[in-house]
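The structure appears right after this line, and notes come after that.
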Amino acid sequence: MTHSLLVRPIAKKEWTFTAIIAFFFIVVMPLLNSFGFISDFTINLWGKYLCYAMLAISVDLLWGYTGLLSLGQALFFSLGGYMMGMYLMRMIGDMGQYHKDMPDFLVFLGWEQLPTFWKPFSSFPFAMVMVLVVPGLVAYVFGWLAFRSRVRGVYFSILTQALTYGASLMFFRNDMLMGGNNGFTDFRFILGFDIRSPETKRGLFIVTAMILTVTFVGLRCLTRSRFGLVQQAVRDSENRVLFSGYSSPNFKLFIFVLSSLIGSVGGALYVPQVGIINPSEMTTDNSLEAVVWTAVGGRGTLIGPIVGAVSVNALKSWATRAYPDLWLIILGGMFIIVVLFMPKGIVGIPGMVRDWLAKRKRQKEPMEDAAIKKTEEEAA
Amino acid sequence: MNKAWLHFVLIACVGCLGFARAQDAKSARQIIAEAAVLSDDSDSQVKLVQSLTGLGDPETEPLLLSWKEGGIYLVPGADGKKVAVTLAGDPDAAKKETAIRLDIKEPLKDAAGASVRVSPTSAELAETDSSIRRAMKAVTDLSKLAAPNAKDRLMAISQLGMERDVSKLPILEGRLKVETDGQVKRAVQEAIALTQLRSPDAAVRLLGCKALEEIHPLSAKDALVGIIRDSEKAGDKPLLEAAKKALSAVESHRTVVNFFGTIFRGFSLGSVLLVVAIGLAITFGLMGVINMAHGELIAVGAYTTYVVQCIFAEGLVLSPFGMQMSLPGMNTTGWVYEMYFVIALPMAFIMAALVGLALERGVIRFLYRRPLESLLATWGVSLVLQQIFRLVFGSNNVQVNSPSWLSDNWTINDVIFGWNRVFVIGFAVLIVIGTWALLSKTPLGLLIRAVMQNRNMAACLGVRTERVNMLTFGFGSGLAGLAGAFLSQIGNVGPSLGQSYIVDAFMTVVVGGVGSLIGTVASALGIGVIDQSLQQILGNPVLGKILVLGAIILFLQWRPAGLFATKTRSLES
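Just so you know, the protein sequences line up as chains A and B, in that order.
Residue numbering for the first sequence follows numbering that gives the first Met the number 0, starting at 0 and increasing by one per position.
Residue numbering for the second sequence follows numbering that gives the first Met the number 0, starting at 0 and increasing by one per position.
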């Protein structure tokens with residue numbers, strides 16, 4: 000019973016709003032694209048933004064709602080991408096440079112036959128299961144170790160940074176048999192469709208938008224549930240949660256694995272749309288960039304990261320063309336400003352304005368009261 | 000065939016040694032002049048050239064070279080006999096040059112007492128044939144053996160050792176008898192033993208193996224493996240045994256060398272980590288500020304070193320943001336230029352400290368209570384700084400030259416100690432002692448520790464915490480600058496210099512135990528030695544690094560607060 004007393008149920012207005020936005024992305028934009036009002040390039044670009052939004056939402060779930068700043072989200076994002084990439088590499092078949100039924104780089108490394116762990120990736124369902132299993136397992140093992148020994152706050156950040164760094168070093172190696180430096184590219188088919196055709200891109204866009212919507216709604220429910228409350232309590236005061244009898248490490252572990260899965264799915268959707276995955280995606284910098292999107296959009300809200308990911312990347316697309324030299328300065332500056340002056344991000348701007356107005360009103364009111372008193376006194 | 004050649008050279012050598020002794024008075028110049036004239040008697044020419052062996056005359060080599068390359072001419076003298084001359088290089092209108100007598104280095108006079116002038120195109124060249132050239136080569140090779148400078152001798156000997164030419168054996172043996180320098184002597188022994196392995200005589204080969212067992216040089220491995228293979232084939236048991244013994248001696252020596260080399264490299268890497276991390280141990284460990292821009296402060300130090308170096312040399316033109324900015328250079332050379340690094344060290348400290356102060360005043364002071372957010376804001380700062388480096392210095396690496404007093408090395412018993420690495424170790428020790436003294440022996444250190452332990456209490460007691468924070472952060476940043484000056488001596492200086500060390504630096508501080516200086520020292524040295532050992536064992540730097548990162552994550556399971564945890568009763572540490 001306490002549940003319904005404490006937790007604000009999700010308002011009808013909000014459902015409608017979500018439905019309208021989702022409808023726009025899932026139905027309207029693809030329709031406009033098929034009639035030629037929106038270019039294929041734009042659809043592809045927005046598809047990428049939506050994948051980034053998945054990554055940003057996963058960062059927000061960890062950082063905004065649980066207070067865990069993970070610098071390893073880019074690792075999970077690219078692990079998902081790699082799993083999808085392995086499937087796409089298998090789909091190239093013998094159309095590679097060497098015309099053998101295995102990825103070019105393996106032929107180049109002198110492999111006569113496909114290594115065993117590559118074989119099942121010819122199956123799409125298997126690859127999709129791996130998109131969830133591999134990053135989930137990495138997150139589970141790392142998280143179990145980290146949370147068990149109560150690694151908290153900045154230590155957690157530093158450890159995830161080391162994890163990401165170590166993993167990228169590993170993927171840069173050729174003996175990893177994951178394409179080394181160059182990673183995977185030159186994809187051709189996905190589920191039998193030509194990956195470069197506008198129709199496939201539109202399809203991928205729709206799928207991305209749908210999955211993002213499902214994630215958004217799911218997390219909306221989760222964060223409003225009793226579980227979500229404990230999760231936010233962990234963020235605000237972990238020790239009190241512990242003393243109240245909750246096993247906070249388990250809560251954190253669950254959230255950590257969940258967010259790694261969301262990031263990984265985002266990565267898996269990202270790779271067929273950009274057509275390449277390599278270890279340089281797997282850097283702390285990329286994780287931190289996703290944190291910027293979240294911070295700019297507004298942490299601790301679910302819509303914030305989506306707004307942030309889309310707007311910052313749109314800005315990036317424009318600035319890297321208009322001012323290529325200054326982009327990093329803009330990004331860095333934006334980060335400093337958001338952290339210092341706009342802790343609630345873009346989504347928080349209306350709130351900030353409201354607060355400001357209310358403050359002004361409060362300051363004005365006593366003055367008006369005094370003025371009235373004064374006139375009354377004068378009248379008397 | 001081989002044997003015949005050997006005999007010939009032996010006889011020739013012995014012969015000319017005698018010959019040379021008989022004509023002690025003659026200088027190389029005179030002998031060559033004499034030889035050049037005898038153009039129709041090749042045998043005597045060869046003999047004369049060979050007699051140059053062992054003279055140790057520094058002129059021998061250049062003169063022989065000039066003869067070979069056609070710099071010596073034969074010109075008829077006053078009595079009509081041909082005289083070997085060189086040309087003075089002062090062509091007149093008819094392109095004739097003064098002829099200088101080779102033997103006495105004076106202009107050649109004709110019957111009338113006037114200087115003879117000849118044209119290089121029409122004068123007769125002193126020819127050389129293949130046998131003379133061969134003799135020349137032998138002489139130059141050997142003359143290097145007798146060079147007065149031990150280093151030159153060493154080089155010549157190791158070259159001969161690598162040739163492993165059995166015919167040179169007697170020469171090397173001759174050298175061994177007269178050599179006094181210990182290091183060179185060892186090299187001669189090594190060269191002799193290595194050459195003996197090639198000898199057709201089994202007994203000599205056996206001798207070589209025994210000698211190698213005794214001196215066990217690292218370079219002997221391949222030769223010994225070859226001998227083992229051959230003697231197995233030929234069924235030569237004693238030789239096989241001896242070679243195997245020698246090989247095992249070499250191998251065990253290699254193990255020892257690698258062991259000490261690894262320890263040294265580990266300590267030097269550890270010192271680098273220490274120098275990089277000690278600034279962080281202050282800003283992160285003591286102040287609790289996560290400064291992701293620490294790496295860029297290191298880069299500030301490195302770039303400062305670069306700028307100071309350029310000012311000591313030709314100056315530097317920078318074009319940041321489309322502006323032109325030129326720094327004049329002092330065009331120093333020699334030891335003054337070499338001292339640039341001494342100036343660069345304090346400059347690097349000051350520049351990085353200033354940037355750090357600006358960072359603290361501008362950003363970090365608002366975030367002391369929000370460490371995660373200080374991480375984010377300083378990462379933004381690091382992006383901005385990196386881009387500024389790119390705009391100012393270009394995105395390529397810049398060239399920082401090590402002063403010569405840092406670029407040599409000592410080789411002790413085959414273990415190489417680079418001076419820059421030794422210097423880094425020494426400097427790390429100095430920095431640690433300095434930091435420790437500052438923190439525990441000065442009034443400022445007392446205030447720093449007070450503020451870090453309990454900011455509010457310190458403020459209540461009248462400590463100006465704001466100012467102490469600022470100074471502490473500035474000091475930590477300055478240390479990062481010093482680290483940068485060092486890294487410029489052992490690695491590349493580029494815009495992303497800081498990025499390559501930041502992960503390691505944070506790891507070092509976390510493993511050592513946040514807030515503990517001694518912990519940082521221990522963890523830096525520990526990580527350095529383990530990293531290098533793993534590289535040595537696995538033979539792969541990247542794999543070693545990955546394992547170290549994994550080991551650190553596991554280590555923190557065991558001791559979550561690091562090696563030297565600060566004991567506290569507070570719940571939220």
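C-beta: ideal position from N, C-alpha, C; glycine also.
Residue(s) in a DSSP beta bridge with residue i
i        : result
B/Val492 : B/Val397
B/Ile529 : According to DSSP, B/Ile529 bridges with nothing at all.
A/Asp193 : A/Phe188
B/Arg360 : Answer is none; B/Arg360 lacks a bridge partner.
B/Ser114 : B/Lys108
B/Ala484 : Answer is none; B/Ala484 lacks a bridge partner.
B/Thr85  : B/Ile99
Beta-carbon proximity of residue i to residue j, cut-off 9 Å
i        : j        : result
A/Val206 : A/Gly84  : no
A/Arg201 : A/Asn312 : no
B/Val380 : A/Gly331 : yes
A/Ala289 : A/Gly344 : no
B/Ala35  : B/Leu101 : yes
B/Val288 : B/Asp503 : no
A/Leu211 : A/Leu49  : yes
B/Arg420 : B/Phe259 : no
A/Val264 : A/Trp45  : no
A/Leu314 : A/Met53  : no
B/Lys67  : B/Thr127 : yes
B/Leu193 : B/Leu206 : no
Burial state of residue i (16 or more Cβ within 10 Å)
i        : result
A/Tyr322 : exposed
B/Met574 : What the structure shows of chain B is the stretch from 0 to 572, and residue 574 of chain B is not part of that stretch, so it cannot be assessed.
B/Ala110 : exposed
B/Lys232 : exposed
A/Phe16  : exposed
A/Glu364 : exposed
A/Gly350 : exposed
B/Cys309 : buried
B/Glu213 : exposed
B/Lys104 : exposed
B/Trp557 : exposed
A/Phe120 : buried
B/Ile581 : The requested residue 581 of chain B is not part of the displayed model; chain B covers only 0 to 572.
A/Thr222 : buried
Residue interval of the alpha helix (DSSP H) (run including residue i)
i        : result
B/Val547 : Pro540 to Trp557
B/Glu96  : That residue, B/Glu96, is in no alpha helix (DSSP H); its beta strand (DSSP E) goes Glu96 to Arg100.
B/Gly417 : Note, B/Gly417: premise wrong, no alpha helix (DSSP H); beta strand (DSSP E) at Val414 to Gly417.
B/Thr507 : Gln498 to Gly511
B/Val450 : Pro442 to Gln452
A/Gln231 : Arg225 to Asp235
B/Arg564 : The residue you asked about is not Arg; residue 564 of chain B is Ala in the sequence shown. It is not in any alpha helix (DSSP H) - B/Ala564 carries neither H nor E in the DSSP assignment.
Distance cut-off 8 Å: residue i Cβ against heavy atoms of the ligand ADP
i        : result
B/Glu126 : Ligands in the displayed structure: none, and consequently the ligand ADP is not present.
Extent of the continuous beta strand (DSSP E) run through residue i
i        : result
B/Asn75  : In the sequence as displayed, the identity of residue 75 of chain B is Pro instead of Asn. From DSSP, the beta strand (DSSP E) with B/Pro75 extends over Tyr72 to Pro75.
B/Pro327 : Met324 to Pro327
B/Asn619 : Residue 619 of chain B cannot be examined here, being either before or after the span of chain B that is shown, 0 to 572.
B/Leu317 : Gly314 to Leu317
Proximity test, Cβ basis, 9 Å: residue i and chain C
i        : result
A/Arg320 : Protein chains A and B are contained in the structure displayed, whereas chain C is not.
Three-pair Cβ contact test at 8 Å for the region 287-306 of chain B versus the region 347-364 of chain B: yes
The region 310-329 of chain B / the region 507-519 of chain B touching (three or more Cβ pairs under 8 Å): no
Contact the region 371-381 of chain B vs the region 334-343 of chain A: 3+ CB pairs below 8 Å: yes
contact_flag[the region 26-35 of chain B, the region 72-92 of chain B] where n(CB pairs < 8 Å) is 3 or more: yes
At least three beta-carbon pairs within less than 8 Å, the region 116-133 of chain A to the region 65-82 of chain A: yes
Touching by the beta-carbon criterion (3+ pairs, under 8 Å), the region 487-503 of chain B and the region 427-441 of chain B: no
Touching by the beta-carbon criterion (3+ pairs, under 8 Å), the region 273-287 of chain A and the region 137-153 of chain A: no
Validate contact between the region 309-320 of chain B and the region 450-464 of chain B using beta carbons, cut 8 Å, 3 pairs: no
Segment contact, 8 Å Cβ cut-off, at least three pairs: the region 232-246 of chain A with the region 64-75 of chain A: yes
Sufficient close CB pairs (3 or more, under 8 Å) joining the region 181-195 of chain B to the region 212-230 of chain B: yes
The region 267-281 of chain B in contact with the region 467-483 of chain B per 3-pair CB rule at 8 Å: yes
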